[in-house]
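Residue numbers (the numbering used here): 11 to 321. Here the structure comes first, spelled out in structure tokens, and everything after it is commentary.
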């Protein structure tokens with residue numbers, strides 16, 4: 011197990027370096043620069059390039075950036091908030107996006123599994139096509155449409171929740187965007203878990219358990235769901251990172267000062283450090299989640315031995 015984790019961590023670090031290198035190279039050879047203001051003279055641009063080290067050779071800048079990046083020093087913003095540490099910029103925005111994303115994912119996993127299990131148990135009845143239709147509806151309609159609907163009916167008409175995000179109103183103002191974001195996870199998890207559960211419930215060991223008189227819900231929760239969770243985790247894991255880093259459209263609709271808006275703004279104004287920093291954090295989170303999922307496989311199903319591991 012230790013050997014496996016060490017190998018995966020080394021691979022993760024190498025993968026991160028390659029990702030940062032690709033991003034750095036793409037931004038390096040893109041047209042334009044962070045200092046596109048027409049009011050700036052050539053001499054002023056030269057001074058700014060020297061100040062931020064942009065006049066150094068590419069290989070030296072990349073080496074310095076990699077070293078600082080793994081120290082947690084993301085550098086300063088060139089354009090969005092000049093001379094402000096990017097770590098400070100990201101701190102508040104990540105907190106908001108992760109909070110809403112985790113809430114959305116919790117809603118998505120709970121209701122997605124619930125619908126999937128119900129559809130699998132009664133897959134030969136009218137309940138199955140109804141849940142399948144709801145899943146298809148959730149996957150087909152964009153989250154921002156749900157967001158606008160929730161905003162109008164629950165926020166504007168019924169005054170149950172705040173329409174726009176506000177730090178003062180805390181949790182209440184995160185409910186509508188979280189529910190809107192959760193629609194796609196609910197649909198995908200419900201559809202996938204239904205298919206996996208149907209297949210598991212028809213397997214021989216489940217039929218054997220039924221013939222021995224094991225209670226229905228014990229079979230479903232203790233045996234069938236546990237085995238169905240392995241492929242479901244593979245689907246859920248990437249969605250977790252996507253939810254935690256927010257949706258740009260949802261953030262715009264509900265005026266959420268999250269990471270999605272910052273990322274789009276950084277791309278528009280060529281704020282290189284901000285772009286690479288957000289992409290780096292996203293990569294760290296994604297690789298970390300996938301590593302955690304690999305380790306959970308062995309916990310969920312003892313038959314799986316990591317890296318041909320210990321029996």
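Even for Gly, the Cβ is constructed at its ideal location relative to N, Cα and C.
Helix, strand or coil: which one does DSSP assign to residue i?
i	result
residue 83	coil
residue 133	coil
residue 319	Legend: pLDDT at residue 319 = 49, less than 50; position of this residue unreliable, value from coordinates given subsequently. The answer is coil: DSSP assigns residue 319 none of H, G, I, E or B.
residue 128	helix
residue 222	coil
residue 233	helix
residue 195	helix
residue 281	coil
residue 65	coil
residue 302	helix
residue 101	helix
residue 215	helix
residue 178	coil
residue 267	coil
residue 39	coil
residue 107	helix
residue 152	coil
residue 49	coil
residue 297	helix
residue 188	helix
residue 326	Residue 326 lies beyond the stretch modelled for the chain, which goes from 11 to 321, so this question has no answer here.
residue 203	helix
residue 257	coil
Can you give me the Cβ contacts of residue i inside the same chain, cut-off strictly under 7 Å, excluding the 5 residues immediately before and after it?
i	result
residue 121	196
residue 267	103 and 106
residue 173	161, 165 and 166
residue 68	38
residue 279	89 and 90
residue 22	297 and 301
residue 224	none
residue 25	297
residue 76	27 and 30
residue 299	247, 250 and 251
Ignore the nearest five residues each way along the sequence and tell me which others in residue i's own chain have a CB closer than 6 Å to its CB.
i	result
residue 237	210
residue 33	286 and 289
residue 72	34
residue 274	258
residue 175	183, 264, 265 and 266
Assuming the contact rule is C-beta atoms closer than 8 Å, residue i and residue j should be a hit. Round their C-beta distance to whole Å, please.
i	j	result
residue 149	residue 198	6 Å
residue 269	residue 104	6 Å
residue 96	residue 283	6 Å
residue 90	residue 276	6 Å
residue 129	residue 142	7 Å
residue 263	residue 157	5 Å
residue 208	residue 133	5 Å
residue 229	residue 219	5 Å
Kindly list the residues whose CB is nearer than 8 Å to the CB of residue i, restricted to its own chain and excluding five residues on each side of it in sequence; keep chain order.
i	result
residue 119	195, 199 and 246
residue 153	190, 191, 193, 194, 257, 259 and 260
residue 99	87, 90, 91, 272 and 284
residue 254	107, 108, 111, 112, 115 and 295
residue 164	170, 171 and 186
residue 63	71 and 74
residue 94	86 and 87
residue 352	Since the first and last residues shown for the chain are 11 and 321, residue 352 lies out of range.
residue 151	193
Just grab the DSSP bridge partners of residue i for me.
i	result
residue 95	86
Taking only beta-carbon positions, decide if residue i is within less than 7 Å of chain B.
i	result
residue 91	In summary, chain B is missing from the structure at hand, where a single protein chain is found.
**Prompt:** Does the stretch 26-39 touch the stretch 285-294, meaning 3 or more C-beta pairs lie closer than 8 Å?
**Reply:** The answer is yes - the stretch 26-39 touches the stretch 285-294, with three or more Cβ pairs under 8 Å.
- Query: Counting Cβ pairs closer than 8 Å, one from the stretch 100-114 and one from the stretch 181-191, do we hit at least three?
  - Reply: yes
Would the stretch 200-207 count as touching the stretch 125-143 if we require 3 or more Cβ pairs under 8 Å?
yes
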